[in-house]
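**Q** I'd like to ask some things about the structure below.
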Amino acid sequence: LTSPGPVLFRQRRVGLDGRQFNLLKFRSMRLAPLDGFRFVPSEGLAPGGIEGVDRCTTVGRWLRRSCLDELPQLINVLRGEMSLVGPRPERPEFVELFGAAIAGYSDRHRVKSGITGWAQVHGLRGQTSLADRIEFDNAYIRNWSLGLDFKILFLTVAAIAADAGGGGLSISSPPPAATFGTASEAS
């Protein structure tokens, strides 16, 4: 709305069984210059958030902060490409990089990717610890239950509501994996 370009942003992502799909978001940034810039995440950190120069528009910053930029992913859910809850999908180039270098990374492709997940409700959004994200995503997969999905959805709504009140978007800091425990403890 505040800069030229399409309303929807499409980006290739990898989901269930390694299949690629176009993830949809409301565009929140000015279009990137065609200068060949290629983002490389810092050692041990996941990609995401602002990569390189901050190109967020005024409306885009609000959309990101409120998580409303993610709403078009409901179309991905209706198409069967994603679920409401699950590990966040990653770009193909990072899947290739992390899958070859990090044990357990590719386990995330055993389930559908989600709009929100166990890692996200524990503050692991944007450029945060990749090892912690993998640990939380794999704990979610090992301990999956319908109750856990409902808990994650509840925590996501609570985090968004807290952020709207200025309380920040994370419910809590990531605890050590040992505190996750069994499926009965998770739900």
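According to the working numbering, the sequence shown is numbered sequentially starting from 3.
All C-beta atoms in this analysis are idealised placements derived from N, C-alpha and C, irrespective of residue type, glycine included.
(1) If you compare alpha carbons, which of L10, V87, A102 and F152 is closest to G62?
(2) Which residues in the same chain have their Cβ closer than 6 Å to the Cβ of S85, if we skip the five residues on either side of it in sequence?
(3) Suppose you measure from the CA of V97 to the CA of A163; what does that come to, to the nearest Å?
(4) Please state whether the Cβ-Cβ distance between R14 and R127 is less than 8 Å.
(5) Name, in chain order, the residues that DSSP records as bridge partners for G20.
(6) Taking only three categories from DSSP, how would you classify E83?
(7) Could you tell me whether the Cβ atoms of I154 and T118 are closer together than 8 Å?
(8) What three-state label does DSSP hand T59 in the structure shown?
(9) When the Cα atoms are used, what is the spatial distance from S108 to G17?
(10) Thinking just about the alpha-carbon of each residue, which of N78, P6 and R81 is nearest to the one in R29?
(11) Give the secondary structure of G149 by DSSP, where H, G and I count as helix, E and B as strand, and everything else as coil.
(12) Taking the alpha carbon of Q22 as the point to measure from, which residue in E83, D139, M31 and I104 has its own alpha carbon closest?
(13) Does DSSP classify L157 as helix, strand or coil?
(14) Who are the Cβ neighbours of A179 in its own chain at under 8 Å, not counting the five residues just before and after it?
(15) Does G125 come out as helix, strand or coil in the three-state DSSP assignment?
(16) So, using beta-carbon positions, are R90 and Q122 closer together than 8 Å?
(17) Output yes or no for whether 8 Å exceeds the beta carbon distance between D151 and V87.
(18) Expressed to the nearest angstrom, what Euclidean distance is found between the alpha-carbon atoms of C58 and L70?
(19) Looking at the structure shown, is S30 part of a helix, part of a strand, or coil, going by DSSP?
**A** Once the coordinates are examined:
(1) Working through the sequence shown from its first residue, we reach residue 62 at position 60. The candidate whose alpha carbon is nearest that of G62 is L10.
(2) Counting from 1 along the sequence shown, the entry for residue 85 is found at position 83. Cβ neighbours of S85 beyond the five flanking positions: K114 and G116.
(3) Counting from 1 along the sequence shown, the entry for residue 97 is found at position 95. Counting from 1 along the sequence shown, the entry for residue 163 is found at position 161. Going by the C-alpha atoms only, they are around 32 Å apart.
(4) Numbered from its first residue, the sequence shown carries residue 14 at position 12. Numbered from its first residue, the sequence shown carries residue 127 at position 125. Contact flag unset, no.
(5) By 1-based counting over the sequence shown, the position of residue 20 is 18. In DSSP, G20 forms no bridge with anything.
(6) Counting from one through the sequence shown, the residue named residue 83 turns up at place 81. Three-state result, E83: coil.
(7) The residue given as residue 154 occupies position 152 in the sequence shown. The residue given as residue 118 occupies position 116 in the sequence shown. Going by beta carbons, I154 and T118 fall inside the 8 Å limit.
(8) Walking along the sequence shown from the start, residue 59 turns up at place 57. Three-state result, T59: coil.
(9) One-based indexing of the sequence shown puts residue 108 at position 106. One-based indexing of the sequence shown puts residue 17 at position 15. Between S108 and G17, the C-alpha separation is close to 10 Å.
(10) In the sequence shown, counting from the first residue as 1, residue 29 sits at position 27. Comparing Cα-Cα distances from R29 to each of N78, P6 and R81, the minimum goes to P6.
(11) As a working mapping, residue 149 is identified with position 147 in the sequence shown. In this structure, G149 counts as helix in the three-state DSSP scheme.
(12) Residue 22 sits at position 20 when you count from the first residue of the sequence shown. Among E83, D139, M31 and I104, the Cα nearest to that of Q22 is on E83.
(13) Position 155 of the sequence shown holds residue 157. DSSP places L157 in helix when its eight states are reduced to three.
(14) Along the sequence shown, one-based indexing puts residue 179 at 177. Reliability of the predicted coordinates at A179 is poor, the pLDDT of 49 falling under 50, and the value obtained from them is presented with this limitation in mind. E137, F138 and A141.
(15) What you label residue 125 is simply residue 123 of the sequence shown in a count that begins at 1. Coil.
(16) As a working mapping, residue 90 is identified with position 88 in the sequence shown. As a working mapping, residue 122 is identified with position 120 in the sequence shown. Yes. Within cutoff.
(17) Reading the sequence shown from its first residue, position 149 is the one you call residue 151. Reading the sequence shown from its first residue, position 85 is the one you call residue 87. Contact: yes.
(18) Against the sequence shown, residue 58 aligns to sequence position 56. Against the sequence shown, residue 70 aligns to sequence position 68. If I take the Cα positions, the gap works out to 14 Å.
(19) As a working mapping, residue 30 is identified with position 28 in the sequence shown. Annotated three-state conformation of S30 is coil, per DSSP.
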